[in-house]
Amino acid sequence: MSSESAPEIRVPRHLAVIMDGNGRWAERRRRPRAIGHRAGARAVNVCIDFCLDRGIEALTLFAFSSENWGRPEDEVGALMKLFLGALEREVDELERRGVRIRFIGERERFNTAIRAQMQSAEDRTRANTRLHLTIAASYGGRWDIAQAARSLAQDVAAGHLDPDEIDERALGSRICLADLPAPDLFIRTGGETRISNFLLWQLAYTELWFTDLLWPELDAATLQRALDDYAGRQRRFGLTGAQVTQAPTHETSE
Ligand code: IPE
Ligand code: IPE
Ligand code: MG
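The sequence shown maps to residues 1 to 254 in full-length UniProt numbering.
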């Protein structure tokens with residue numbers, strides 16, 4: 001309990017976001033889809049500012065999926081240009097504000113200039129602790145589970161691991177974001193109510209929240225609505241409501 005008589009507001013420790021709707025935002029304005037992606041990049045800053053302001057510890061943003069490589073060549077090219085530009089432009093400010101930046105996904109698929117910027121952003125912000133910002137790029141939840149399984153198989157082949165020791169904890173330790181608490185709240189903009197191969201393993205008990213708002217339209221009021229909704233939910237993790245009420249601090253943080 002806080003020292004005030006008002007009940008404590010529950011704020012998620014880890015927020016995971018699918019930033020969807022850039023293309024439709026542009027199409028509604030009869031503009032090329034790339035313009036929507038540019039507007040979407042501005043909304044990323046709205047989201048980061050919000051997390052810093054509310055004391056959210058970790059933010060994971062889905063920027064580009066494994067499947068997005070299959071989009072028309074000019075759209076992928078525009079996204080890569082935007083990605084590189086944003087890395088060059090934003091990292092100084094994020095470093096100054098105490099944000100630690102990391103990337104998850106198949107990095108080998110990006111060109112060397114982007115890979116170098118990713119590495120440099122990670123190196124420069126490694127010591128920051130105010131906000132853990134993870135950008136999922138060339139990321140797929142199925143890829144993530146497969147790479148975790150491969151990593152365990154390599155240990156078995158090398159004689160360091162007994163197959164009988166492979167359990168949820170072992171696989172969970174090789175999955176991306178293993179060092180962070182599992183996402184508490186998932187937000188998807190753009191009106192679709194699906195996961196689209198985002199964090200399949202990590203979202204097992206995450207609270208899901210969807211809005212029709214398109215990503216470039218994102219504002220703090222919308223994010224606050226999601227947080228208010230989250231604060232009113234009872235997370236049961238498979239237990240009964242009565243059990244959870246008796247032990248209100250129960251949380252998963254694998
Ligand atoms: C999300 O917006 C950004 C990426 C997938 C890269 P979209 O580009 O998917 O926008 P819509 O869904 O077509 O409107
Ligand atoms: C999910 O959005 C991926 C990102 C936002 C990066 P998509 O637009 O690719 O998802 P679908 O195709 O609507 O499922
Ligand atoms: Mg989309």
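C-beta atoms are modelled at their ideal positions from N, C-alpha and C, and glycine is treated no differently.
Under 7 angstroms Cβ to Cβ from residue i, same chain only, skipping five residues before and after it: list those, please.
i, result
"Q117", "L84, L87, E88"
"G40", "M19, N22, W215, P216"
"A121", "L87, V91, I101"
"F210", "R188, T193"
"G105", "A136, A137, S138, Y139"
What did DSSP end up calling residue i once you bin it into helix, strand or coil?
i, result
"H160", "coil"
"R31", "coil"
"V46", "helix"
"I135", "strand"
"V17", "strand"
Report the residue from the options whose alpha carbon sits nearest the alpha carbon of residue i.
i, options, result
"R196", "R30, A136, A158", "Per the sequence shown, residue 196 should be read as Ser rather than Arg. Closest by alpha carbon: A136."
"Q119", "R107, E73, R130", "R107"
"A78", "R24, R28, R33, D144", "R33"
"E168", "G191, G190, Q202, F198", "Q202"
"T112", "T129, D162, V99, M80", "M80"
"T125", "L177, D229, E93", "E93"
Starting from the C-beta of residue i, find all residues in its chain whose C-beta is less than 8 angstroms away, skip the five residues before and the five after it, and write them out in chain order.
i, result
"V244", "Q234, R235, R236, F237, H250"
"V76", "N68, W69"
Would residue i and residue j be called neighbours here (beta carbons separated by less than 9 angstroms)?
i, j, result
"V17", "L59", "yes"
"R97", "L131", "yes"
"A226", "D53", "no"
Excluding the 5 residues preceding and the 5 following residue i in the sequence, name in chain order all residues of the same chain whose CB lies nearer than 6 angstroms to its CB.
i, result
"R13", "E57, P181, D184"
"E27", "none"
- Message: In chain order, what are the residue ranges of uninterrupted beta strand (DSSP E) at least 3 long that sit wholly in the region 175-241?
- Response: 185-188, 207-210
- Relative to ligand 5, what is the chain-ordered list of residues with a Cβ closer than 7 angstroms to any of its non-hydrogen atoms? The ligand content of the structure shown is limited to ligand 1, ligand 2 and ligand 3, which means ligand 5 is not among them.
- Query: What runs of the alpha helix (DSSP H), each 4 residues or longer, lie entirely inside the region 57-129?
  - Reply: 73-96, 112-125
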